[in-house]
Each structure stands twice: as C-alpha cells, then as structure tokens.
Amino acid sequence: MACISEQHRLSCAVGGIYTVLAIEKFLPILHTGPGCEVNAAGALTIVNGAQTPITYIDTSLPCTDFCEEDIVFGGNERLRKLVDEALKYFKADLAIIVDGCAAEIVGDDIGEVAESFEDADIPTLHASLPGFKGNNLWGHSQILSAIIDQYLQPSSEKIKGLANVFGIVPYYDTFWETTLERLEELLSRLGLTPNIIYGIGKGKAAIDKIPQAEFNLVIGPWLDLDIAKKLENKFGAPYFHYPVLPTGASETSDFIRAIVEYAGLDKANAESYIAAREKRFFHKLQRLSNTLIGGIMYPKRFVINASAGAAVSIARFLIRDAGLIPHRIYIPEDVPEEHQARIEQLIREPVYDTKDIIDYDIKFTDDGGLCESEIKNEDFSLLHVNIFGTTWDELLAKNKGLPYVAISPPSGDYFVVGKTFFGYDGGLEFIRDLQNDSIRKFLGSGAVANVE
Amino acid sequence: MAVNLASTDVPSRERRLGSITGYCGTLKELANDGCKKCLKNRRRDFQTSSNCAHTHCINQLAGLDGTLVVDHAPIGCAGAQICFTSVKSRVPAPPGALEHARVISTGLTESDTIFGGLEKLRETARLAFERHHPREIYIATSCVSAIIGEDIDSVCRELSDELGIPVELAAAEGLKSKIWASGFDAYCHAVSRARLVDPGDKKATINFIGFSNIGRQYVEPIMAKLGLELICLTATATVEDFERASHSVATWGQCGAQSSYLASALEVKCGVKYFQTHLPYGGIGFERFMRDLGGYIGKEELALKIVEDEKAKYAKTIEDAKKTLAGKTGFIALGASFAYEYARLLRELGVNVPHAVAYHYDPKLDNPNENEPVAAYADVVELGLDIDTSVNDGQSLETRQLIKKYKPDFIMTRGHGANCIASSFGVPSYNCEIGLLLMGYRGLAMLATTLADAISNNNLYRKIAKTYDAPYTEYYNGLPTHSFFREEA
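Keeping their order, the protein sequence lines are chains A and B. Note that the first sequence covers residues 1 to 452 in our numbering. Note that the second sequence covers residues 1 to 489 in our numbering.
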C-alpha cells in the first residue's frame, strides 16, 4: 500500500454492511463508532447514484455508537442489550453483528455475543469489519463468508440450471440494481435459472437456494472469486468465471456464447438472439452517423481512473465496438496483486489498428489522486482525451475541458435509477452519455457565440 | 471553560459545555435547566448509528483555501470526503479555478496498530507536501491513532520545521464524543491556532462563520450600509481572510454548533466581539441581531432603518405565502441551534410546531462572557417560546415514533435521514437552508414561498407511503415515545 492515498474511491470494511442491506430483510447490527456507518455511506450511496437502501434506511441501523466510555467499561454488555432490543424492534429474516476498529482493538468479542443469541427467532451471525484490516470490498467478502460459514447448510439436491450470480458488489457498483435485473432477464432468456441474492423480492429465499445451485457464475475480473471457491469447497458446486461484465455488442455476444457453452444451453436460440440484438445495436449507432462520423464527436483517446471491473468492461467495449484507443489506465481499487496481471491482460487483449504503435500504462494503486497528479500538467489542447472515472475525476475533466463519463463509484449524486452500462443497451447508454458531455465541452468552429 | 489555544487538544462538547444528546420535555425546562447548570443527559439502551466528529473536523479543514489534511487513520475514515467536494464540478467557475478538497490518508493498518504509525505519518505528509505544495497542513487524529496513543504533536512540530509551513494538529478522534459538532470544535481549534493573528488596529470588517459563503451577495449590501465589509470564514476562506478577520469589530455565526468555538476564539485571542445570543433569522431574529450590532458600533438607528426597509421589501411575498401555511403543523428535526431557530421562524409564519428534535443541546457556548445566553434560552425568556422537544443524536427510530405520534403536515429537516422516515408516513419534507441564504427578511420570504410550494402537492409522498412496507415489528410500533432511555439509578 502506498503511503499517499487521496480522492478515496472505497470506504472502510464497515462498508460491507451495504452487502447485508442489499439482501432484503437482512439486518446489520453495528458495534462501531457513531459515525462509521455514515463514513461508509458517503462513497457507496449518497454520492454514488444518490442511493438509499431497500429494506432498512441506513441512518436507522442499530448501533452501539461506541465511544470513550465503552473502552473503559467494555462494550460487550451494551452490544448484547442492543441486539436484544433490535431483534424485538425490526422485522428481519437474519441479523449480522459487525464491529469496527475501536471494538476490535479493545478486544470486544462479537462472536460470543452472536452465539448468545443462538435461540433467537432469527439466525444471528457475526462478521468483524475493522477498517484497519481492509476496505469495503474486503468487508463485502467477510459478510458473504459469514453467511456461508455460519448460516448455509449443504443441500443433497442440486437444481439443474440453477446458477448463483456473484461478482457484482451491491451499492459499490453504482448500477448494481439495474445490471442485475437485466442480467437476470438475459440469463433466463438463455434458459438458465439465475439465483440473484440482492435486490427487491430476493432475500432469504434466494440465500437459502445457494447450496442447491448447479454452478456459481462469477462475472467480473476479480471480485467474489474467493466466495465462489469457498462455495465450491463447501457445497461442491463448480464455478464459471467470466471476467468481463459485458458492455456493448461484441462483449455481450461473447458472454452469451461463453455461458451457453459452459452450461450446455440452446445454441440456436442464443445465436438468433445475438443476431437480432447486434443488428439492432449497430442500427442505432448508424442512425447517429451524421454526427458520429464527421460531426462534433468525442475524442478518440481515453483515460480511465476506475474500478477494475469498470475499467475492463468499458475499455474492451470502447476498443472493440466504439473505435476508441486507450491513453492511460489507472485502477485505484487496491486490487490484490494476484489478480493484477490477469486484469491487465483483459484490457490489453482487444485488437485495434495501431495497437503495436501507441503504448500506454496501466497502473494499479490505492491512490485515487495518482491519475490527477500525473495528467494535471499534460497538455491536451491539441489532442483531446476523454476521462472516464468517478465524480472525483469530473472536476479534472472540467478543468481541462475534456469529456467525462462516470463509470465507477463514487459516481456522484446524480440519479442513476434505471441505468446500467451492461449489455447491448448499456453500450448505447454509454455512447449517449459520452457524446452528450462532449457537445457541452466542444463547440466546434461553427459556433455562433462569442466565447471570449 | 473558555477557549484555551495554548493546548493542542480541545475537550469534547460533553465535557467542556455539558452538552447533551438525550432529553425529552419542553424547551422551557431544557433551556432553564441548562442555564441553571442542572441539565442531565439521558442515556439509551437502544440506539441507532449517529454521525462522526472526525469527519466533521476534516471536511471543514479541507474546505479551506490553500490547505491540506493528512488523515492519520485507516483509509476509510476519509471515505466520505467526496460528499463535501463533489459539488465543485458543477460550480460555474472558469476551468482550472477550483480544486478538490485535499484529504490524504496515512491508511493505518493492523500492523500499524501494533508497531505504530508515526513513520508512515511523516512519509505521507512529505509526499502530500510534494504533490500539492499547500500553505499549511493539518494532521487529524482518529479513533485508531488515539487508542494506540501516538505522540502526533511532536511530529507536527518536526514536520513544520522540515517543510517550512505550519503543520497543526487537529484532535479529531471520533470516539471522543457522541456529538458530531465536537468535530467542528476540533476544526475551529486547529484553524485558530494556525491562522488567527495577534490583534492590531480594528478595521471596519465583520466576520461570518459558517459552512458556506453562498448567499453573501444578499448580505454584503446590508453590512455595507452599516459601513462594514463582510469576511466569510467558511469553506474556501484563505489564510489572509483569517488574518483580516482577527482585526474585525465583530463576528456572528450560522449557529452555535458549527461556529461558536471559532467565534469565541476570535473574541478571546483578538478581542473581536461575538454576537452569540440573537441569530439573524426571520424578522424577529434579524431585528434583534441588527439592534445588537447597530448598538455596538454606534449605528442603532441606521440598523433599524435597514430592518424596516427589508421588512417592507418582502412583506407582501411573506403575507401571500402565509395564507397557504396558516394553521399547518410542521415537525422539526435539526441541529442544536436550528431546531429552535426554525421553531421561532415557523411560529412567525403562522405554522404550529408540535415537536422539535434537536440533534444535541448546548446549555452554554465557549463565549467567555457568561451573561450571553444561548439563543434558545433567549427565545424562551424574551419571546416565551415553548414547545415539546427532545434531544437525540440522529436517533431515527426515536424520531420515527414522534412523527407517527404527531402526524404533522410536513417536517423541517436537513440530512440525517428524518426525510426518509417522514416519506414512509406520506409526510413531505422541507430541506432547510441555513447561513447567509436564510438571513433576514429575504431569508424568511424564501422560506415562506418555497415551503408553501413544498406542501402544495403531496401526491408523491402519499403514493410512496402506500407501497412502502415498514420493517418494524408491532412491538416497536406499540412502544410509547422516548422509550429507549435507560432508567437511571
């Protein structure tokens, strides 16, 4: 980890509670400082698509509000009392007690407290989430691990075609809700029975089905691979890792073919769907051709400063379908080293005409400000670039007069309701966002305005 | 306890002022008990997540011009800082004029909790300085750095010598206080030590302390008529603004929570008069404030003429809006000062206030002059203002019971989630403005007209409430209000 980190894209491990909050009627109970939840919320909800959780309002979560006096007297008994009351007040199917830095350092034992609720009406689990051990992605993994290790039981029955879907971290992925809705729709159309655990109408029933799945689908470059391996060990279900959440025609078609092949689904059905959707996709772009080809149009080069998942999805789409080329790629997601070479390969893989001539860097970091510090003084007045990243990068783009699209958390306080860059339509959505910002930034030489 | 700028530390509001986060009763009792120094805090057996003093210190510091905050904390403690700087992308400033707030984390890890993080702190500060070349650095402490007990003050002095700029400690550990406004004090204390200068000749300037200088264009002409130039000690304030502010004749603040410590420091260190008691909101508040200020600078008659002119300018607008508001009930959930400021404002507009929740209550502030009461007490004494009230630090499930009980026509709030609760009952929320925008008759007119519109079509909330399935048990729903308070021995 570098000694300098700014423009924070991640929250601390306590942000893992948003994974709990994405599962309907799963209640997090916090043994943390009074403000840990709010600090986690900033980059995951409020300024990340202006999201509010689905069952429990995140400002209403039971919390010991751990302060100095608890260090002196110990927090375990206060926590026990809190859990006792919370289980009486909240309608919930499952509760997870989590703690933060202070409780961990002073040695409070949330596992012991959770066990004392063994006879409660609902399962009461525990997960340690101290911020000094990891970020919200680590916290997310801790939460799913707690559910698997402490709650799920092996099932003797596997349901043919049932696939658990992992790889998308709810709330953190700004577009998670719509992405999962569309992914569910697509997988169902292909003949699978996707089991998605996050979002409205899923909840405990979906969680309980996890051990019955025929396989686990992990979609995205690295997140939830640990979970899929854990599930494989515990329940014997294999996992299919597809490392790209597809955006646009080529990527989506590739994904469809891969999942159809893996799961032994109806190829003819898939091919006819692909043909129709690809035709529609390029038809819609062709209808923009008066501007898209020769009008005021976005620059060809792009800088990405985003999560690994977004960087891979957007870079591959732009290179393969939109005719753009990478300029620099930053991935300030603190990606574990073991995954970095594979992610780099995914970005470098797609072919374009000048691939062997124009070189560019891909940097893995936990410093969101690295990108700005390196390109702030670069002169883009002759040859423009696009900047794709988070709302942190929006100001950089504005200051340099460059087009910008939010692709990664925190994406800003703009409403994202109904929005995703997933799939065929997701590619069109991206092109629309890009062009619409470009025409705000570039007037062109025909502008009838005094711009002095 | 008056402000002590010789120390690097600032005790929490609970310890310094006797401030509380648990109370239910009437405003009159609350204010009187506070004044008689016999106010007791009530603790809870059940509570929900509140907010963070640490984050409220670093967001204020990082908002200043030319500065940089090194957050000596796990990386996530600065995770919400985007909330306080994202708007800069939309400010209509020329390209290049604005930069994001600079908060750089040391990223304390598990091994740092065992082996210490001071070397990392030095390295981070050096790299941050190299990257941004700030005019000053603040090093903020955190829960983790406090528990492992590091001597950060010495590192500040070392780094200041090494880098040749002020490096000031901000004692901002979140676990020090349940009152997030204690983080404002940590900000005020650090910035006072770093930026206030020794008093010299008084200049014809007046200081406003608050979050933001938005609305200054409406207030500057008023102050100019009194011969005073406005200095805003808010986000974007420069080192020079603070130096000039040290020579001002007077200071007022947006509220007692955010502004009082810095205003008191200006009075203690620089002899700048702090107007604490009468905040300039609504017609009543504005007149009292202008009378105090005008009297102090020997221009009372002129000040009252300005009040009359402003009153006349907005009278019709306010009267028209009052027709829509007459007899309505508005529930309040706001910070320590604004809960009761808005209670007075709503009364001025003919709205009934069945209950006000204040997120904490300060029985006194840091002003060394003990004869200057807090604003809520002044309203009780001078205006006979009295309402049912409670104090909770953003305790949503307590506030929920109160909204359910009082069934208001609307709620007045700002952040902290009460709006989500209200919407689940089909009750619309009004997002309250504070600071310069709310000042005087213009502020009252803005409030009256936008509030009248806010309650003019409730179809959205009514329909949301119909489909919303509240996740609370019958047992909770049957509890009386304020049932989370612990029985004290």
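Glycine included, every Cβ here is placed at the ideal spot set by N, Cα and C.
Please look up how many angstroms separate the CB atoms of residue i and residue j, rounded, as I've assumed it's under 8 Å.
i, j, result
"H355/B", "Y406/B", "5 Å"
"G412/A", "V47/A", "6 Å"
"L64/B", "A237/B", "6 Å"
"F166/A", "V218/A", "5 Å"
"E372/A", "F317/A", "In fact, because the Cβ distance is near 24 Å, the residues do not count as touching under 8 Å."
"R193/B", "E220/B", "Rounded, the Cβ-Cβ distance is 29 Å, inconsistent with contact."
"Y377/B", "A336/B", "Not confirmed; about 12 Å, so no contact."
"C420/B", "Y342/B", "Actually they are not in contact, since the Cβ atoms of C420/B and Y342/B sit about 19 Å apart, beyond 8 Å."
"F215/A", "F240/A", "6 Å"
"S89/B", "L346/A", "With 8 Å as the limit, S89/B and L346/A do not qualify as a contact, their Cβ atoms being about 30 Å apart."
"A146/A", "A127/A", "4 Å"
DSSP three-state label for residue i, please.
i, result
"H384/A", "coil"
"I17/A", "helix"
"K404/B", "helix"
"W222/A", "coil"
"A100/B", "Sequence check: residue 100/B is His here, not Ala. Note: H100/B maps to coil in three-state DSSP."
"W180/B", "coil"
"N76/A", "helix"
"F281/A", "helix"
"L444/B", "helix"
"L152/A", "coil"
"S142/B", "coil"
"V70/B", "strand"
"P221/B", "helix"
"F215/A", "strand"
"T467/B", "helix"
"F499/B", "The structure shown does not extend to residue 499/B, since chain B spans only 1 to 489, so no value can be given for it."
"D153/B", "helix"
"I20/B", "strand"
Using only the alpha-carbon positions, how far apart do residue i and residue j sit?
i, j, result
"S396/B", "T59/A", "7 Å"
"L190/A", "T420/A", "20 Å"
"S111/B", "I148/B", "11 Å"
"G323/A", "F302/A", "11 Å"
"I122/A", "A95/A", "7 Å"
"I375/A", "A397/A", "10 Å"
"R16/B", "E301/B", "38 Å"
"T365/A", "K120/B", "17 Å"
"H132/B", "I4/A", "12 Å"
"L383/A", "S438/A", "14 Å"
"V357/B", "G282/B", "20 Å"
"I407/A", "A306/A", "7 Å"
"I159/A", "I314/A", "34 Å"
"S212/B", "A333/B", "21 Å"
"R43/B", "S483/B", "11 Å"
"D359/A", "G417/B", "48 Å"
"I29/A", "L223/A", "25 Å"
"Q60/B", "N164/A", "45 Å"
"E240/B", "C232/B", "11 Å"
"K364/B", "L27/A", "39 Å"
"C57/B", "A140/B", "8 Å"
"G198/B", "C270/B", "Inspection of the sequence shows that residue 198/B is occupied by Asp rather than by Gly. Taking the straight line joining both Cα atoms gives about 6 Å."
Taking Cβ positions only, does residue i come closer than 8 Å to chain D?
i, result
"V417/A", "Among the protein chains of the structure shown, namely A and B, there is no chain D."
Mind checking residue i: buried by the 16 CB within 10 Å criterion, or exposed?
i, result
"G22/B", "buried"
"G330/B", "buried"
"E348/B", "buried"
"I387/A", "buried"
"C38/B", "exposed"
"F85/A", "Reading off the sequence, residue 85/A comes out as Glu, not Phe. Buried."
"V417/A", "exposed"
"R344/B", "buried"
"Q51/A", "buried"
Does the ligand FMN have even one heavy atom less than 7 Å from the beta-carbon of residue i?
i, result
"Y441/B", "The ligand FMN is not part of this structure, which contains no ligands at all."
- [ ] Mind listing, in chain order, the continuous alpha helix (DSSP H) runs of no fewer than 4 residues lying wholly within the stretch 313 to 381 of chain A?
- [x] 337 to 348 and 370 to 375
Open item on the list: To test your reading of the DSSP string, which unbroken alpha helix (DSSP H) runs of 4 or more residues are found completely within the stretch 49 to 101 of chain A?
Closed with: 68 to 73 and 76 to 89
Open item on the list: Which complete beta strand (DSSP E) runs does the stretch 77 to 136 of chain B hold, if anything under 3 residues is left out?
Closed with: 103 to 105
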